[in-house]
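All letters in the sequence shown, in the order written, are residues 151 to 423 by my numbering.
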Amino acid sequence: MVKITYVWHDCFVVETESAMFVFDYWLDADGTPAEMPEVLASADRDKTVYVLVSHGHKDHYNPAVFSWVAAFRDVRYVVSRDVMKRIRHVVSATSVYSGPKVDPECVSALRPGERFSAGGVVIAAFPSTDIGNSYIVEADGHRFFHAGDLNAWIWKDESTEAEVRKAMGDYRACLRDIRAYLDHAADQAIDYCFFPVDSRIGTDYFTGASIFVREFDVRKFFPMHFALGDEEERSRRRTDALRFCLYANPERGEYIPLAWPGALYVDASPSDR
């Protein structure tokens with residue numbers, strides 16, 4: 151069984167049979183700062199918690215995640231290299247920092263192309279069209295993809311044709327790395343995909359998602375990255391993100407409108423892997 155809770159913007163909390171995964175925590179479910187997502191307050195304290203940070207932009211990273219070492223028996227951090235540069239004081243036994251310290255053995259900084267493996271969990275880092283990483287997580291027979299800021303950021307209404315071509319070329323180059331990884335798997339499907347669908351881009355804002363779900367065998371797709379701006383803007387962007395008819399692959403996949411803070415999706419079906 152897999153449980154997925156949408157927290158805010160790009161943050162999802164995923165629970166599998168043996169572990170929990172928190173992707174890109176920024177704000178809590180009401181869009182306000184908090185030390186920890188509310189959903190974790192009632193979580194199983196005995197499960198290993200994997201905290202993934204794709205990069206250090208403020209809407210993907212909250213330094214409060216390192217205080218969670220006091221709340222759970224076993225917390226592992228997988229972060230991008232740019233985030234690692236920011237947290238040397240957190241993992242250093244000799245720093246004068248007085249906040250929560252984390253055993254450096256529990257923190258893995260990955261570059262695209264590198265992997266983390268422990269306890270039956272494999273986390274592979276891939277490039278992004280922004281800074282940092284996108285990730286594939288393999289756990290308990292399930293495969294999850296979290297894009298971070300990987301997207302076709304084409305901004306057609308304010309870019310030249312050459313800029314749009316370059317953005318598309320950069321995006322497709324990142325996808326080739328993901329394809330090369332999946333080509334080595336017996337089952338190449340992505341079971342759960344968390345991907346930006348952000349109408350701030352303007353015309354054809356859904357292009358990146360449309361390409362991704364046709365390039366890869368995506369079984370369940372969850373849009374994200376629409377919680378920037380004031381309340382009216384967020385509501386409009388959420389509505390835009392959920393216009394699945396604009397980008398869904400009609401031949402494959404289920405598109406899940408898990409877009410309201412605290413919303414829960416439970417998949418009780420066994421893994422196809």
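Ideal placement from N, C-alpha and C gives every residue a C-beta, glycine not left out.
In this text the structure is predicted, and so the values were computed from the model without any measurement.
field: CA nearest to the CA of Ala-302, picked from Phe-294, Ser-258, Lys-251 and Phe-362
entry: Residue mapping note: residue 302 aligns to position 152 of the sequence shown, counting from 1. Of the candidates Phe-294, Ser-258, Lys-251 and Phe-362, the one whose C-alpha sits nearest the C-alpha of Ala-302 is Phe-362.
message: Could you pull the DSSP bridge partners for Asp-417 from this structure?
response: The residue you call residue 417 lines up with position 267 of the sequence shown. Looking at the DSSP assignment, Asp-417 forms a beta bridge with Val-152.
- request: Using three-state DSSP, classify Ile-273 as helix, strand or coil.
  value: Counting from one through the sequence shown, the residue named residue 273 turns up at place 123. Strand at Ile-273.
- prompt: If you drop the 5 nearest sequence neighbours on each side, which residues of the same chain put their C-beta closer than 6 Å to that of Asp-417?
  reply: The count along the sequence shown starts at 1 and reaches residue 417 at position 267. Excluding residues within five positions, the ones whose Cβ falls inside 6 Å are Val-152.
task: Compute the beta-carbon to beta-carbon distance between Ser-284 and Leu-300, rounded to the nearest angstrom, for a pair I have assumed lies under 8 Å.
output: Counting from one through the sequence shown, the residue named residue 284 turns up at place 134. Counting from one through the sequence shown, the residue named residue 300 turns up at place 150. So it is a contact: roughly 4 Å between Cβ atoms.
- prompt: Which term fits Gly-379, buried or exposed, when burial requires 16 or more other beta carbons within 10 angstroms of its beta carbon?
  reply: As a working mapping, residue 379 is identified with position 229 in the sequence shown. Per the 10 Å Cβ criterion, exposed.
- request: Measure from the alpha carbon of Pro-277 to the alpha carbon of each residue in Gly-270, Ala-268, Cys-256 and His-296, then state which is nearest.
  value: Here the question's residue 277 lines up with position 127 in the sequence shown. It is His-296.
- prompt: Of all the alpha helix (DSSP H) runs that stay within the bounds of the stretch 166-218, which reach a length of 4 or more residues?
  reply: 188-191
field: Whole-angstrom C-beta distance between Ala-317 and Ile-328, which should lie under 8 Å
entry: To locate residue 328, count along the sequence shown from 1; it is residue 178. To locate residue 317, count along the sequence shown from 1; it is residue 167. The pair is not a contact, with the Cβ atoms about 17 Å apart (cut-off 8 Å).
task: Decide if Leu-414 is buried, meaning its Cβ has at least 16 other Cβ atoms within 10 Å, or exposed.
output: Residue 414 sits at position 264 when you count from the first residue of the sequence shown. Result: exposed.
query: According to the neighbour-count rule (16 or more other Cβ atoms, all chains shown, within 10 Å of its Cβ), is Val-228 buried or exposed?
result: By one-based count along the sequence shown, residue 228 stands at place 78. That one is buried.
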